[in-house]
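Asks:
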Amino acid sequence: MGYLEAAELDQNPSVDSGLRVEIVSDDESFAGLEPLWNRLLEESGINHPFLTHQWVRTWWECFGAGGKLHVLLVKDGDDVIAIAPLMLTRRKFYGWPLRCLEFIGNVHTPRCDFLVTRRPAEVYRAIWSSLLSQRGLWDVLLLCQLPDDSRTLDEIPLLAAESQLPLGQWRSAASPYLPMQEDWDGYFKQRNAKHRANLRRRLKRLSELGPVEMERITCEAGLEDALGEGFRIEGAAWKDQCGTSMQAQQESRLFYTKLARKFAQRGWLELNFLTVSGRRIAFHYSLRYNNKVYLLKPGYDPAYSSYSPVNLLCYLFLQHLFDTGTEEFDFLGVADEWKLQWTKETRN
């Protein structure tokens with residue numbers, strides 16, 4: 007992922023493309039963008055769920071207090087051809103209060119970007135010109151969680167340099183993902199022999215306590231109970247104490263609850279449990295989008311830690327995904343050791 011930070015100055019690059027930029031700043035108009043937004047997302051070639059209108063709107067409803075919508079619509083005549091999903095916020099940097107213009111997201115948002123469907127160079131220039139014309143509203147532009155292949159990482163630095171505007175850029179940690187281009191048996195045989203042996207040994211030991219199964223919740227039936235159990239398990243080992251679990255903050259628990267309900271309605275939800283004798287002992291909160299699966303939050307019951315329950319759940323779930331023709335499993339987050347036991351592929 008990339009991260010861009012720029013401070014505003016007076017210089018404004020010229021725009022003669024004929025494109026117009028409109029600003030959406032009220033909740034009602036933002037909500038009404040859903041069909042257009044998702045169509046542009048598809049046309050832009052962005053293939054993940056974190057810029058769907060369902061995701062962004064849910065985030066705004068749960069975390070948006072204190073901010074102001076500043077969504078830019080780039081128009082070619084009457085046609086909207088790009089969207090910049092931005093908001094105005096206030097932050098402190100090293101004790102200094104600053105007005106920020108940034109993506110609608112936070113640490114719970116794995117990836118962000120602009121939705122650009124055509125005329126990209128002209129679109130970026132139109133967005134940039136619009137942002138600089140509103141320089142009285144912001145001090146710093148923050149564009150976090152940009153994928154390595156995002157054109158934004160190329161265009162914004164060029165425009166910033168043209169405007170003689172200071173800019174900083176930082177790379178985020180690599181995130182593991184698993185392309186599923188072969189069958190399960192062929193893939194699993196390539197895993198480290200010790201890893202395979204450990205999985206089988208732990209599964210055998212766990213099976214001595216009772217039947218071991220994977221339970222899947224993908225629709226609204228049983229969802230509320232599953233979420234409650236999932237929140238408990240995900241935070242049980244250490245995340246609740248560290249304040250990083252889904253239920254550690256009221257806003258984050260609400261976000262993951264509302265997100266699950268909305269995504270279940272679209273068939274995009276994957277809540278998975280590892281059970282032993284019917285008791286849920288490990289949990290994956292995942293999303294399914296365009297035949298790819300994204301692991302947002304894993305967790306386990308610490309009473310069963312010696313069995314490596316998250317890895318056992320991953321073992322059963324990955325086999326299911328291979329067998330059902332899933333294209334890719336994205337572990338998201340940082341490259342933890344347990345993730346790298348399943349894949350060596352990473353992306354920024």
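Each residue of the sequence shown is one higher than the one before, starting from 7 at the first, in my numbering.
We put the beta carbon where it would ideally sit given N, CA and C, even for glycine.
1. What's the call for D307, buried or exposed, on a 16-neighbour Cβ count within 10 Å?
2. Just list the alpha helix (DSSP H) runs in the segment 21-57, keeping only unbroken ones of 4 residues or longer that don't cross its boundaries, in chain order.
3. Going by the CB atoms, is the gap between R259 and F237 shorter than 8 Å?
4. Fully enclosed by the segment 250-305, which alpha helix (DSSP H) runs are 4 residues long or longer?
5. Who are the near neighbours of D246 in its chain, counting only those whose CB is closer than 8 Å to its CB and skipping five residues on each side?
6. Q170: buried (16+ other C-beta within 10 angstroms of its C-beta) or exposed?
7. Give me, in chain order, the residues of the same chain whose beta-carbon lies closer than 7 Å to that of M186; leave out the 5 immediate sequence neighbours on both sides.
8. Determine which residues share a DSSP beta bridge with M220 and list them.
9. Just tell me which of F36, L57, A37 has its CA closest to the CA of L46.
10. Short of 7 Å in beta carbon distance, which residues of its chain neighbour R97, apart from the five on each side in sequence? Order them along the chain.
11. Report buried or exposed for G284, applying the criterion of at least 16 other Cβ atoms within 10 angstroms of its Cβ.
12. Hey, how far is the Cα of A88 from the Cα of Q271?
13. Under three-state DSSP, which class holds Y183?
14. Check W65 in the structure and name its three-state DSSP category.
15. What does the Cβ neighbour count give for E276, buried or exposed, with the cut at 16 atoms within 10 Å?
16. Give the secondary structure of D84 by DSSP, where H, G and I count as helix, E and B as strand, and everything else as coil.
17. Going by the beta-carbon positions, is the gap between V30 and V80 smaller than 8 Å?
18. What residues in its chain sit with their C-beta under 7 Å from that of T123, if we drop five residues either side in the sequence?
19. Quick check: what's the CA-CA separation for R141 versus D191?
20. Can you tell me where the alpha helix (DSSP H) with K210 in it begins and where it stops?
21. Please look up how many angstroms separate the CB atoms of K303 and E240, rounded, as I've assumed it's under 8 Å.
22. Under DSSP, the beta strand (DSSP E) around F109 begins and ends at which residues?
23. For a quick check, are the C-beta atoms of L318 and L209 less than 8 Å apart?
24. Distance, Cα to Cα, S20 vs D85?
25. Can you have a look at T95 and say buried or exposed, based on whether 16 or more other CB atoms are within 10 angstroms of its CB?
26. Excluding the 5 residues preceding and the 5 following L143 in the sequence, name in chain order all residues of the same chain whose CB lies nearer than 8 Å to its CB.
27. Return the first residue and the last residue of the beta strand (DSSP E) that G174 is part of.
28. Closest by CA to E188, which one among I287, P182, Q196?
Replies: Let me spell this out:
1. buried
2. 33-37, 40-50
3. yes
4. 256-271
5. Q253, A254
6. exposed
7. L327, F328, T332, E333, E334, F335
8. L280
9. L57
10. L104, C106
11. exposed
12. 27 Å
13. strand
14. helix
15. buried
16. coil
17. no
18. L46, E49, S50, I87, A88
19. 57 Å
20. 199-213
21. 5 Å
22. 102-109
23. yes
24. Low confidence applies here, because S20 scores a pLDDT of 41, under 50, leaving its location unreliable and the question unanswered by this model.
25. buried
26. H76, L94, R105, L107
27. 173-177
28. Q196
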